[in-house]
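Numbering (this note's numbering), first residue to last: 344 to 556.
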Amino acid sequence: MIELFISTFMTFFVVIDPLGCAPIYAGLTAGASSRERVAMATRAVVVSAVILLIFAWVGEQLLGALGISLDAFRIAGGIMLFLIAIDMVFEKRSQRREDRAQKILEQPEVEDVSIFPMAMPMIAGPGSIASIMLLMSQSDGTQATIVVLAAMMTILVLTLVALIAAGPLMRLLGAKIEAVITRLLGVLLAALATQFVVDGLRESFLTVAPALH
344 MIELFISTFM TFFVVIDPLG CAPIYAGLTA GASSRERVAM ATRAVVVSAV ILLIFAWVGE
404 QLLGALGISL DAFRIAGGIM LFLIAIDMVF EKRSQRREDR AQKILEQPEV EDVSIFPMAM
464 PMIAGPGSIA SIMLLMSQSD GTQATIVVLA AMMTILVLTL VALIAAGPLM RLLGAKIEAV
524 ITRLLGVLLA ALATQFVVDG LRESFLTVAP ALH
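Have a look at this one:
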């Protein structure tokens, strides 16, 4: 179970990327007071948790209603996560996040950034939604399910801490160190995404093979 927790923890860490969300949040809330920053960060993480828990519990039923197999979703989710990993390695995702942040800053009437863009799509985005559905589908038993959810919630708590400490954190790390960390996490995510695809293909062949005999 420790291995499952570590694997889930790393998956959500690289997908949600608390260190990557922190500088964007710092820029979006530059004119807000400390109390407002804490309130918006808390609201963003709580909303993200609700969204991810909903997909964790009813995501599989939703796939069934649409006639999509779990193996097909594993492959599709793995490909999606791999594309995110490529963006991280080549810093394309950071540029898109900065572009979204700039659009929000150019709209002075938008003050509360907790729901958009923080909760969605930065924290509870396509990658994290795909990840929780994939990991829940692979969880065998109540204990494994609890471990997956515990790892996810741990990352969300770390994300909350990163958002609240966004300003001091960025001054401490600096842009160059953040870029190095992002690239390393991208490589790890690429490996995890490849494993999702391999697992999906293997299970698909194991299901089809007996039917051909």
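Where is the CB? At the ideal position from N, CA and C, for every residue including glycine.
Secondary structure of residue i, DSSP reduced to three states
i      : result
Thr372 : coil
Gly344 : Looking at the sequence itself, residue 344 is Met, so the reference to Gly does not match. It is coil, neither helix nor strand.
Gly484 : coil
Leu432 : The residue asked about is misnamed: residue 432 is Val in this sequence, not Leu. It is helical.
Ala467 : coil
Ala473 : helix
Val456 : coil
Ala365 : helix
For residue j and residue i, the rounded distance between their alpha carbons
i      : j      : result
Glu452 : Val393 : Residue placement at Glu452 is flagged as unreliable, the pLDDT there being 45, under the threshold of 50; the coordinate-derived value follows with that caveat. About 26 Å.
Leu413 : Lys519 : 39 Å
Leu399 : Met476 : Reading off the sequence shown, one finds Ala at residue 399, where the question assumed Leu. Spanning the two alpha carbons is a distance of roughly 5 Å.
Ala540 : Met479 : Here residue 540 turns out to be Val, not Ala, going by the sequence shown. Roughly 16 Å separates the two Cα atoms.
Leu535 : Thr351 : 10 Å
Phe416 : Ser376 : 43 Å
Phe356 : Gly543 : 22 Å
Leu395 : Ala467 : 7 Å
Ala462 : Ile429 : 23 Å
Ile411 : Ile422 : 16 Å
Of the listed residues the options, nearest to residue i (C-alpha basis)
i      : options                        : result
Leu532 : Val358, Phe348, Met344, Ile345 : Val358
Ala387 : Met431, Tyr368, Ile422         : Tyr368
Val530 : Met344, Leu424, Ile345         : Leu424
Met465 : Leu492, Val390, Ser377, Thr550 : Val390
Leu499 : Arg378, Cys364, Leu406         : Cys364
Thr385 : Ala505, Thr354, Phe433         : Ala505
Leu528 : Asp360, Thr550, Met344, Thr497 : Asp360
Phe548 : Ala508, Thr502, Ile418, Glu434 : Ile418
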